[in-house]
Amino acid sequence: MNPTDRYGGDVLATDWRAPKRGRAVEAEATPGLVVEEVTTDWCGEIVAVDRDLDTVTLEDRREKRRTFPLGPGFLLEGRPVILVPPSRAGAPAAPTRTASGSVAVPEARARVARASRIFVEGRHDAELVEKVWGADLRIEGVVVEYLDGVDDLAEHLRDFRPGPQRKVGVLVDHLVAGSKESRIAQAVQRSPVGKHVLIVGHPYIDVWAAVKPEKLGLKAWPSVPRSIEWKKGVCQHLGWPHRDQADISRAWKTILGKVSSYQDLEPSLLGRVEELIDFVTND
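Counting with this note's numbering, you get residues 11 to 293 for the letters of the sequence shown.
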């Protein structure tokens, strides 16, 4: 100290009005944080925050609760704080992959529909393709239509008139050697429009079985006698109602609900759908 300075340093050079514990700073009222309300000496863990009422609820060690207004008047680890509502969780990150495993294109607009089409046998096939490949198909401008069975495929193709810029990809159930479906496919491929049509299929009697059985807690899809309609037999095995078409539709919604990505489907279906998309989009 300067001996000529009778009073030492300038008493106004520091914040002489600052409280002993320091000035209050904002702190988020995060659940689990332990704070003390200074006017009541109530100390407890933050267990609830009401944004509408602007209040915070504290629970003490005896599990008693008390609610206080958010704001100043709290101590956190002995330091004064102004409690504010915790920050809201940010929006979930946009997925980097589509359900089919393709690279996602955020906010991509659907392309104007191509003349080319993909035909599938039934509504369930169409819904499954849409759930897994829908994002890809919209970007590529590919429309999927269902035929309500493959028996009238030749007639549909005559109406559609396939050509170099109007290709048709067809996904068929139970496309195995010697089946009715394989004979229909061979006839189409030999026809004049055959070079503009690609028919592929999976070996399952129905597209339901292209969903991995473990998704429904099964080791394998049940073996259903030929005398029983396959879908009804599956529902019976699983203990589901199967009296009418409404029951079958509800069963399918349950199965479809178990599918979230290509990983929930059998490879024998995945490859065929990708093949069709490549065929109808390759100009």
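In this text, a Cβ means the ideal position worked out from N, Cα and C, and glycines have one as well.
Only a predicted model underlies this, so the values are computations on that prediction, with no experimental measurement involved.
C-alpha distance - proline 79 paired with glutamine 273, whole-angstrom precision: Taking C-alpha positions only, proline 79 is separated from glutamine 273 by approximately 50 Å.
What do you reckon, are the CB atoms on proline 172 and valine 122 nearer than 7 Å? By the CB criterion at 7 Å, proline 172 and valine 122 fall outside the cutoff.
Is it buried or exposed for leucine 63, if we count other Cβ within 10 angstroms and need 16 for buried? Exposed, since its Cβ has fewer than 16 Cβ neighbours within 10 Å.
Where the alpha helix (DSSP H) containing isoleucine 265 begins and where it ends: Unbroken alpha helix (DSSP H) run through isoleucine 265: 255-267.
Determine the contact status of threonine 67 and arginine 61, defining contact as a CB-CB distance below 7 Å. Note that the C-beta distance between threonine 67 and arginine 61 is not below 7 Å.
Determine the DSSP secondary structure at threonine 291, reduced to helix, strand or coil. Under the three-state reduction of DSSP output, threonine 291 falls in the helix class.
If you follow the beta strand (DSSP E) that aspartate 169 is part of, which residue opens it and which one closes it? That residue, aspartate 169, is in no beta strand (DSSP E); its alpha helix (DSSP H) goes 163-170.
For tyrosine 214, which three-state DSSP category applies? It is coil, neither helix nor strand.
Proximal residues to alanine 195 (C-beta, below 6 Å), its chain only, five neighbours per side dropped: Closer than 6 Å at the Cβ level, and outside the excluded window around alanine 195, lie Ile209.
Answer yes or no: do serine 84 and valine 45 have a C-beta to C-beta separation smaller than 7 Å? According to the sequence displayed, residue 84 carries phenylalanine and not serine. Going by beta carbons, phenylalanine 84 and valine 45 fall inside the 7 Å limit.
What residues match up with valine 59 in a beta bridge as DSSP calls it? Valine 59 is bridged by DSSP to Val66.
So valine 142 and alanine 136 are in contact, right, with Cβ under 8 Å, and what is the actual spacing, rounded? Between valine 142 and alanine 136, the beta carbon gap of about 12 Å keeps them out of contact (Cβ cut-off 8 Å).
Between the Cα of alanine 65 and the Cα atoms of Arg253, Arg72, Glu38, which residue gives the shortest distance? Reading the sequence as shown, one finds threonine at residue 65 and not alanine. The shortest C-alpha separation from threonine 65 is found at Glu38.
Alanine 125 and glutamine 175: beta carbons closer than 7 Å? In this structure, alanine 125 sits near glutamine 175, with a CB-CB distance shorter than 7 Å.
Can you check whether the CB of glutamate 36 is closer than 7 Å to the CB of valine 94? Cβ atoms of valine 94 and glutamate 36: closer than 7 Å.
Quick check: the Cα distance between leucine 9 and leucine 181, rounded to an integer number of angstroms? Since the first residue of the chain shown is 11 and the last is 293, residue 9 is not available in this structure.
Nonlocal neighbours in the same chain, by C-beta distance under 8 Å from glutamate 191, ignoring five residues either side: So the qualifying residues of the chain are Val160, Val182, Asp183, His184, Leu185, Gly211.
Between the CA atoms of tryptophan 250 and serine 278 - distance to the nearest angstrom: Rounded to the nearest angstrom, the two C-alpha atoms are 27 Å apart.
If we ignore side chains and look at the alpha-carbon of each, how far apart do aspartate 146 and valine 283 end up? Between the alpha carbons of aspartate 146 and valine 283 lies a distance of about 11 Å.
As assigned by DSSP and simplified to three states, the class of tryptophan 143: Helix, per DSSP.
Mapping the DSSP letters down to three states, classify leucine 157 as helix, strand or coil. Note: leucine 157 maps to coil in three-state DSSP.
Got a sec, what are the start and stop residues for the beta strand (DSSP E) glycine 81 sits in? 81-86 is the extent of the beta strand (DSSP E) around glycine 81.
For aspartate 25, which residues of its own chain have a beta-carbon under 7 Å away from its beta-carbon, when the five flanking residues on both sides are left out? With a pLDDT of 48 at aspartate 25, under the threshold of 50, the modelled position of that residue is not reliable, and the figure given next carries that caveat. Closer than 7 Å at the Cβ level, and outside the excluded window around aspartate 25, lies no residue.
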